[in-house]
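Colleague: Submitted below is the structure of interest, expressed as structure tokens.
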Amino acid sequence: MSGSRRPPSDPGQRSRGSGRSKPTAPATADRARALALTPVSRETLERLDRFVALLLTWQQITNLVAPSTVLHLWTRHIADSLQLLELVPGAQIWVDLGTGGGFPGLAVACALAQKPGAHVHLIESNNKKAAFLREAQRLAAAPTTVHATRIEEFVTSFEGRADVVTARAVAPLKSLLDQCFPLLGKSGAVGLFPKGRHAELELREARESAAMQGWTMAATLVPSRIEPAGHIVVIRDVERRNIRP
């Protein structure tokens, strides 16, 4: 037999009696708080529950989220991701760069699953995380495509349409925008980038870098409803201007 360990694909395999693991009191309270902050339909909640159950199973072997955030997974990750939907209510096609354990892209896809034409592209270069995303996609019946490739490779090769481009905890905003400006400019997509307490500084540095490269953009900071010190950087109207020598 192979020495490698693969987590069970069915969350029900984790508990023999009821077929489901019993959540701890802190986890139950966190789930309730997250749902109060970002209410979802019963169908979406079922998808999210399957996604979270699988994530907790894989987390035992593969580090999908920071261990310190597991007890608050619903607020720190699920609700933090779902709040993005309020900023672009009509968006259908999302591109999530560096999806990691599924945030925000897979959580958003669970919420959009009943919306005709909705689709989320998940870009993740780590093969183990990409394998997890494919399994979570299947269990949650989420409308996604997993691209196991690097961000820069996806951006240069992607020929489809995008309404929203997002990334969470991937890189400083300056570096992130340097990579995805071509995608934002080509498709006219809105960029949504959750950031922490240094969001204003990151945005200032990103503006300076963009100007040097000839990119123009409209950028705003929206306070996070989940993280008290956090903001969501919203990027719109990205264009490339001609730079005279």
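Each number in the working numbering comes from the position in the sequence shown (counting from 1) with 9 added on. Ideal Cβ placement from N, Cα and C applies to all residues, glycine included.
If you pair each beta-carbon of the region 240-248 with each one of the region 219-230, do three or more pairs fall below 8 Å?
Modeller: Taking 8 Å as the limit for Cβ pairs, the verdict is that the region 219-230 does touch the region 240-248.
Colleague: Please check the pair T175 and D105, which I expect to be a contact at CB under 8 Å, by giving their CB distance rounded to whole angstroms.
Modeller: As a working note, residue 175 is residue 166 in the sequence shown. As a working note, residue 105 is residue 96 in the sequence shown. Contact flag correct, Cβ pair sits at about 5 Å.
Colleague: State the DSSP-derived secondary structure class of T78, mapped to helix, strand or coil.
Modeller: Stepping through the sequence shown from its first residue, residue 78 is reached at position 69. Helix at T78.
Colleague: Cutting at 8 Å between CB atoms, please list the residues of its own chain near E211, excluding the five before and the five after it.
Modeller: Locating residue 211 in the sequence shown gives position 202, counting from the first residue. P181, L182, K183, K204 and V242.
Colleague: Quick one: using the 10 Å Cβ neighbour count with 16 as the cut-off for buried, is G126 buried or exposed?
Modeller: As a first step, residue 126 must be located in the sequence shown, where it is residue number 117. Classification of G126: exposed, given that the 10 Å Cβ count is below 16.
Colleague: With DSSP as the reference, identify every bridge partner of F202, one or two as the case may be.
Modeller: Locating residue 202 in the sequence shown gives position 193, counting from the first residue. Paired residues: V242.
Colleague: Counting only the same chain and skipping the five closest in sequence on each side, list residues whose C-beta sits under 6 Å from that of L131.
Modeller: Stepping through the sequence shown from its first residue, residue 131 is reached at position 122. So the list reads D105, T108, G114, L142, T153 and V155, once near-sequence residues are dropped.
Colleague: Roughly how many angstroms lie between the CA atoms of D58 and Q222, to the nearest whole one?
Modeller: Reading the sequence shown from its first residue, position 49 is the one you call residue 58. Reading the sequence shown from its first residue, position 213 is the one you call residue 222. Those two C-alpha atoms are separated by around 44 Å.
Colleague: If you drop the 5 nearest sequence neighbours on each side, which residues of the same chain put their C-beta closer than 6 Å to that of L121?
Modeller: Within the sequence shown, numbered from 1, the residue matching residue 121 stands at position 112. Around L121: A127.
Colleague: Please report how far the alpha carbon of N136 lies from the alpha carbon of V97, in whole angstroms.
Modeller: Position 127 of the sequence shown holds residue 136. Position 88 of the sequence shown holds residue 97. Going from the Cα of N136 to the Cα of V97 covers about 30 Å.
Colleague: Could you spell out where the beta strand (DSSP E) holding P232 opens and where it closes?
Modeller: Within the sequence shown, the letter at position 223 stands for residue 232. Counting along the chain, the beta strand (DSSP E) containing P232 begins and ends at W224 to P232.
Colleague: Since Q101 contacts D172 with CB under 8 Å, what's their CB separation in whole angstroms?
Modeller: Stepping through the sequence shown from its first residue, residue 101 is reached at position 92. Stepping through the sequence shown from its first residue, residue 172 is reached at position 163. Yes, they are in contact, since the Cβ atoms of Q101 and D172 sit about 6 Å apart, within 8 Å.
Colleague: Identify whether A220 lies in helix, strand or coil by the three-state DSSP scheme.
Modeller: Translated into the one-based positions of the sequence shown, residue 220 becomes position 211. The answer is helix: DSSP assigns A220 an H, G or I state.
Colleague: Could you tell me the boundaries of the beta strand (DSSP E) in which V179 lies?
Modeller: Position 170 of the sequence shown, counting from 1, holds the residue named residue 179. Careful: V179 lies outside any beta strand (DSSP E) and carries neither H nor E.
Colleague: Report yes if the CB atom of C119 is closer than 8 Å to the CB atom of R206, and no otherwise.
Modeller: Here residue 119 corresponds to residue number 110 of the sequence shown, with the count starting at 1. Here residue 206 corresponds to residue number 197 of the sequence shown, with the count starting at 1. No.
Colleague: Please check the pair L73 and L64, which I expect to be a contact at CB under 8 Å, by giving their CB distance rounded to whole angstroms.
Modeller: Working through the sequence shown from its first residue, we reach residue 73 at position 64. Working through the sequence shown from its first residue, we reach residue 64 at position 55. Their Cβ separation, rounded to whole angstroms, is 6 Å, which keeps L73 and L64 in contact under 8 Å.
Colleague: Report buried or exposed for I70, applying the criterion of at least 16 other Cβ atoms within 10 angstroms of its Cβ.
Modeller: Within the sequence shown, the letter at position 61 stands for residue 70. By the neighbour-count rule (16 or more Cβ atoms within 10 Å), I70 is not buried but exposed.
Colleague: Contact defined as beta carbons within less than 8 Å: I believe H81 pairs with F112. What is the distance between those atoms, to the nearest angstrom?
Modeller: For this step, residue 81 is matched to residue 72 along the sequence shown. For this step, residue 112 is matched to residue 103 along the sequence shown. With a Cβ gap of about 13 Å, H81 and F112 do not count as contacting.
Colleague: On a CA-only basis, which of L186, E52, L91 and E144 is nearest E217? Give me that one, please.
Modeller: Position 208 of the sequence shown, counting from 1, holds the residue named residue 217. Taking only the C-alpha atoms, the option nearest E217 is L186.
Colleague: Of all the options R170, A220 and G239, which has the alpha carbon lying nearest to the alpha carbon of G197?
Modeller: Counted from its first residue, the sequence shown places residue 197 at position 188. Checked all of R170, A220 and G239; the closest Cα to G197 is R170.
Colleague: Could you tell me how far apart the beta carbons of W103 and V61 are, in whole angstroms, since I believe they sit closer than 8 Å?
Modeller: Mapped onto the sequence shown, residue 103 falls at position 94. Mapped onto the sequence shown, residue 61 falls at position 52. Wrong, their Cβ atoms sit about 20 Å apart, outside the cutoff.
Colleague: Determine the contact status of R234 and Q92, defining contact as a CB-CB distance below 8 Å.
Modeller: Residue numbering aside, residue 234 sits at position 225 when the sequence shown is read from its first letter. Residue numbering aside, residue 92 sits at position 83 when the sequence shown is read from its first letter. Contact: yes.
Colleague: Alpha carbon to alpha carbon, what distance is there between W83 and P40?
Modeller: Within the sequence shown, the letter at position 31 stands for residue 40. Within the sequence shown, the letter at position 74 stands for residue 83. According to the sequence displayed, residue 40 carries Arg and not Pro. R40 and W83: Cα-Cα distance of roughly 5 Å.
Colleague: Go ahead and label G99 buried or exposed: buried means 16 or more other beta carbons lie within 10 angstroms of its beta carbon, across all protein chains shown.
Modeller: Reading the sequence shown from its first residue, position 90 is the one you call residue 99. It is exposed - the Cβ of G99 has fewer than 16 other Cβ atoms within 10 Å.
Colleague: Grab me the residues of P191's own chain with a C-beta within less than 8 Å of its C-beta, minus the 5 sequence neighbours each way, in chain order.
Modeller: As a working mapping, residue 191 is identified with position 182 in the sequence shown. Excluding residues within five positions, the ones whose Cβ falls inside 8 Å are V164 and T165.
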